[in-house]
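Input: a single structure, listed below in structure tokens.
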Amino acid sequence: MNNLQNRANAVLAFSLSAIFCLLGAIALSALLIPTHPTGSVALDSIKVVTGRYDKNWVDYGTRDNQFANTVMRVDADLSSLFHWNTKQLFVYAVAEYSTPTHPKNQIVLWDTIIKRKSAAVIKKKNIKNKYTLIDLNKKWTNVQANVSLHWNVVPYVGFMTYGHSQLSEDYAFPLPSGVQT
Amino acid sequence: MNLRQILSNSLNVLMMLFGVFMSYKAWGLYTNCESPLVVVLSESMEPAFARGDILFLSNPKKPIDIGEICVFKIPGRDIPIVHRVIDRHDSSKADSQFLLTKGDNNNVDDRGLYQELYTNRGKMWIEPKDIVGRVQGFLPYVGMFTIFMTDYPMLKYALLGAVGLLVFLYE
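Those protein sequences? They're chains A and B, same order as listed. So for the first sequence, my numbering puts the first residue at 1; every next one is plus one. So for the second sequence, my numbering puts the first residue at 1; every next one is plus one.
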């Protein structure tokens, strides 16, 4: 009855269930720890240019696409999101607008990965959009967009959680004012 | 060791295997996802996900949000891809979304991947029908087990052999 095989089996089974109970408890604890992140994004300028997008060979090859170039400032204190089960934060600024054909559009303008609590206070100016700001219809007529700061908490183990700041005021896209090749 | 013992042991092993299989399928029904567990195979989502990490997927009813990490399949390409949604355009029809994805660790978005097969040339967006699941949970390292099994098939046979041996030797 109490041979080596049985003992090894019992030890293995018990340690496995103990480890998984512990991991489950840690995963659940992350949902209970109170956090109070704050953040905001504001656009300091929007310019619309027409042109084609030559960085990427597949898309927007014709010369009549309207791209928007923005300069933004980001202000955030996300340090309370760092607790014992936080591996990293993925922080991203999002522009949101609606068009007659598509009621909800969201485009990531800029993003960053934060791995330490000490780096979780962001105060940055003069950020240019890292990703192309172009609509599905490739035109920016009569569009009002707001911006907001979003974050995704990636845990060491457990649930992916998301959050975002309040939406900014609406910004109107101007008429095209230049050509981009 | 008699025949009765061997049969009883085989029954136990089969019970365990089918039990695992049934719970996996039941979980798939609950999460509305064909494969609710995936193992990360590439480095494109570093430092969030590394090779060998396990992701728990589900397909909730609500539309896919910006910044969500999705597992998607491009027609004609076997291996599903785990990347983050960076553009989202919802049309007024329900369930109709146009999404653009990018790996956190990649320098460019995934349009190049969407084009990879000639059937998809000109494909600018993926849609909810391409999505296998949306990442809800994370468990590190455990998937290395299956990676070792596919990298070293001998390991797989050794494991199967051990289970077979158990059927004949366990009392």
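We put the CB at the ideal spot given by N, CA and C, even for glycine. If you're wondering where the values come from, they're calculated on a predicted model, not measured in any experiment.
In its own chain, which residues sit with a C-beta less than 8 Å from the C-beta of residue i, not counting the 5 before and 5 after it?
i, result
"A:L121", "Before going further, note that residue 121 of chain A is Val rather than Leu in the sequence given. Result list for A:V121: A76, D77, L78, S79, in chain order."
"A:I177", "As written in the sequence, residue 177 of chain A is Ser, which differs from the Ile given in the question. Excluding positions up to five away in sequence, the list reads K47, V48, V49."
Which same chain residues end up closer than 6 Å to residue i when comparing Cβ atoms and leaving out the 5 residues on each side of it in sequence?
i, result
"A:H83", "I33"
"A:G39", "A76, L149, S165"
"A:A95", "I107, L109, A145, V147"
"A:A172", "Q144"
"B:N203", "Outside the shown range of chain B, which is 1 to 171, sits residue 203 of chain B, and nothing can be said about it."
Check whether the Cβ of residue i lies closer than 8 Å to any Cβ atom in chain B.
i, result
"A:T35", "no"
"A:Y162", "yes"
"A:K115", "yes"
Using beta carbons (cut-off 8 Å, strictly below), is residue i in contact with chain A?
i, result
"B:V135", "yes"
"B:F18", "no"
"B:I66", "yes"
"B:L139", "yes"
"B:I74", "no"
"B:A50", "no"
"B:P47", "yes"
"B:H89", "yes"
"B:I131", "no"
"B:I126", "no"
"B:D95", "no"
"B:D104", "yes"
"B:F168", "no"
So, under 8 Å CB-CB, residue i and residue j are touching, yes? Tell me the CB distance rounded to an integer number of Å.
i, j, result
"A:N69", "A:T99", "Actually they are not in contact, since the Cβ atoms of A:N69 and A:T99 sit about 19 Å apart, beyond 8 Å."
"A:N85", "A:V41", "Incorrect: roughly 27 Å between the Cβ atoms, too far for contact."
"A:H102", "B:H89", "5 Å"
"B:I69", "B:L41", "Not a contact, Cβ separation roughly 15 Å."
When you compare the CB positions of residue i and residue j, do they come within less than 8 Å of one another, or not?
i, j, result
"A:L185", "A:S148", "Residue 185 of chain A lies beyond the stretch modelled for chain A, which goes from 1 to 181, so this question has no answer here."
"A:T112", "A:V91", "yes"
"B:G137", "B:N59", "no"
"B:V135", "B:V39", "no"
"B:D110", "B:A48", "no"
"A:N105", "A:D64", "no"
"B:K73", "B:D130", "yes"
"B:L139", "B:I54", "yes"
Could you spell out the range, first to last residue, of the beta strand (DSSP E) harbouring residue i?
i, result
"A:P155", "144–155"
Since residue i is in the alpha helix (DSSP H), which residue starts that stretch and which ends it?
i, result
"B:Y157", "153–169"
"B:Q115", "111–115"
"A:R7", "4–32"
For residue i, which residues of its own chain have a beta-carbon under 7 Å away from its beta-carbon, when the five flanking residues on both sides are left out?
i, result
"B:F98", "H89, W125, E127"
"A:L31", "F159"
"A:T35", "S80, L81"
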